[in-house]
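This report concerns only the one structure given below.
Protein chains: 2
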Amino acid sequence: MAADPSGETCALREVLALIGDKWSAQVLVQLGTGPRRFTELERTIEGISRRMLTLSLRNLERNGLVLRTVYPDSPPRVEYATTPLIEEIIEPLEALADWAKRSRPAVAAARRAYDDRQFAVARQ
Amino acid sequence: MAADPSGETCALREVLALIGDKWSAQVLVQLGTGPRRFTELERTIEGISRRMLTLSLRNLERNGLVLRTVYPDSPPRVEYATTPLIEEIIEPLEALADWAKRSRPAVAAARRAYDDRQFAVARQ
DNA sequence: CAGAATCCGGGCCGATACTG
DNA sequence: CAGTATCGGCCCGGATTCTG
Chain A
17 MAADPSGETC
27 ALREVLALIG
37 DKWSAQVLVQ
47 LGTGPRRFTE
57 LERTIEGISR
67 RMLTLSLRNL
77 ERNGLVLRTV
87 YPDSPPRVEY
97 ATTPLIEEII
107 EPLEALADWA
117 KRSRPAVAAA
127 RRAYDDRQFA
137 VARQ
Chain B
17 MAADPSGETC
27 ALREVLALIG
37 DKWSAQVLVQ
47 LGTGPRRFTE
57 LERTIEGISR
67 RMLTLSLRNL
77 ERNGLVLRTV
87 YPDSPPRVEY
97 ATTPLIEEII
107 EPLEALADWA
117 KRSRPAVAAA
127 RRAYDDRQFA
137 VARQ
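See the structure below:
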């Protein structure tokens with residue numbers, strides 16, 4: 017049996033390489049609701065640093081997921097928007113987010129149970 | 017406007033914390049097709065080290081995504097299987113993988129175009 | 001406003017060796 | 001077979017400073 021005949025796991029690796037880092041997925045979700053300026057994103061995505069926002073946007077732009085438009089204004093104005101490529105990935109991403117919201121209690125309970133078991137083993 | 021009224025991006029963070037690392041998603045996909053023993057997984061998931069497989073499985077188990085069963089045999093026999101929690105996440109994951117496969121050419125083209133632009137700027 | 005440049009610490013992960 | 005333990009490199013990402 018081949019390890020991955022249909023390339024499923026390989027494809028998963030690719031997705032995670034694109035948007036599996038700390039911030040990219042959140043940037044995508046934000047842009048999914050409409051174009052945003054740099055500082056808007058910085059304010060909306062809580063905890064992101066300027067550096068990381070820049071790097072994330074650059075990487076997304078490079079892979080064709082984000083369109084960057086510079087308007088020759090002063091002060092400078094740059095807008096980020098989705099590309100057609102993104103629009104198809106937003107849905108699976110939101111499915112994942114939905115799963116997370118639904119499963120939050122179950123995950124928390126599993127974690128407590130596991131940690132309790134570990135604690136019981138440790139003190140025995 | 018609240019940053020994330022429905023908790024979408026927060027939920028995304030949680031998912032990525034669970035399965036966003038280098039190997040967990042692949043482990044899940046493997047287990048999605050049926051229970052596996054430790055060494056089976058190690059062989060099937062190309063490139064994974066014993067240490068990383070152990071850590072990934074432990075983490076997945078802790079969060080209630082994987083069930084670990086030890087059979088009192090000699091030599092030892094341990095089986096890993098999905099939990100009901102997993103079964104609902106597999107589908108969105110495969111949707112992501114499908115997207116990756118469909119979008120591979122577009123992403124590659126975008127990357128080439130971007131890199132060419134950078135190259136042109138650099139040598140100008 | 002929208003970045004670029006630099007420094008730096010933590011942890012992710014691989015390699016290797018050892019065990020019941 | 002199914003792990004654990006330890007060491008070490010690398011890179012992700014945060015803080016800070018500077019710029020057009």
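Here the protein sequences line up with chains A and B, keeping their order. Per my numbering, residue 17 is the first one in the first sequence, and the count goes up by one each step. Per my numbering, residue 17 is the first one in the second sequence, and the count goes up by one each step. Here a beta-carbon is modelled for each residue, glycine too, at the ideal position from N, C-alpha and C.
Residue 62 of chain B: not part of any alpha helix (DSSP H); DSSP gives it neither H nor E.
Each residue's CA atom was taken as its position, placing residue 134 of chain B and residue 118 of chain A some 43 Å apart. Considering only B:81, B:94, B:128, the residue with the shortest C-alpha distance to residue 42 of chain B is B:81. The residue from A:23, A:112, A:122, A:120 with its alpha-carbon nearest to that of residue 45 of chain A is A:112.
In this structure the stretch 81-97 of chain B does not touch the stretch 52-65 of chain A; the number of beta carbon pairs closer than 8 Å is below three. Among the residues of the stretch 75-88 of chain B, those with a Cβ less than 9 Å away from any Cβ of chain A are 77, 78, 79, 80, 81, in the order of the chain. Annotated three-state conformation of residue 70 of chain A is helix, per DSSP. Boundaries of the beta strand (DSSP E) around residue 83 of chain A: 82-87. Residue 98 of chain B: not part of any alpha helix (DSSP H); member of the beta strand (DSSP E) spanning 93-98, first to last residue.
Taking residue 31 of chain B as reference, the option from A:47, A:123, A:67 with the minimal CA-CA separation is A:123. For the options B:77, B:110, B:116, B:121, the alpha carbon positioned closest to that of residue 100 of chain B is the one of B:77. Restricting attention to A:94, A:114, A:131, A:129, the CA atom closest to the CA of residue 53 of chain A is found in A:94. In this structure, the CA atom of residue 51 of chain B is about 28 Å from the CA atom of residue 110 of chain A.
Residue contact check for residue 72 of chain B against chain A: no CB pair falls below 8 Å. CA-CA distance, residue 29 of chain A to residue 33 of chain B, rounds to 16 Å. Flagged as an interface residue toward chain A: residue 119 of chain B, by a C-beta distance shorter than 8 Å. Residue 96 of chain A has a beta carbon lying at 8 Å or more from every beta carbon in chain B. Between residue 105 of chain A and residue 115 of chain B, the gap from beta carbon to beta carbon is short of 8 Å.
The Cβ of residue 127 of chain B sits closer than 8 Å to at least one Cβ of chain A.
Considering only beta carbons, the part of the stretch 22-34 of chain A lying closer than 8 Å to chain B consists of 23, 24, 25, 27, 28, 29, 30, 31, 32, 34, in chain order.
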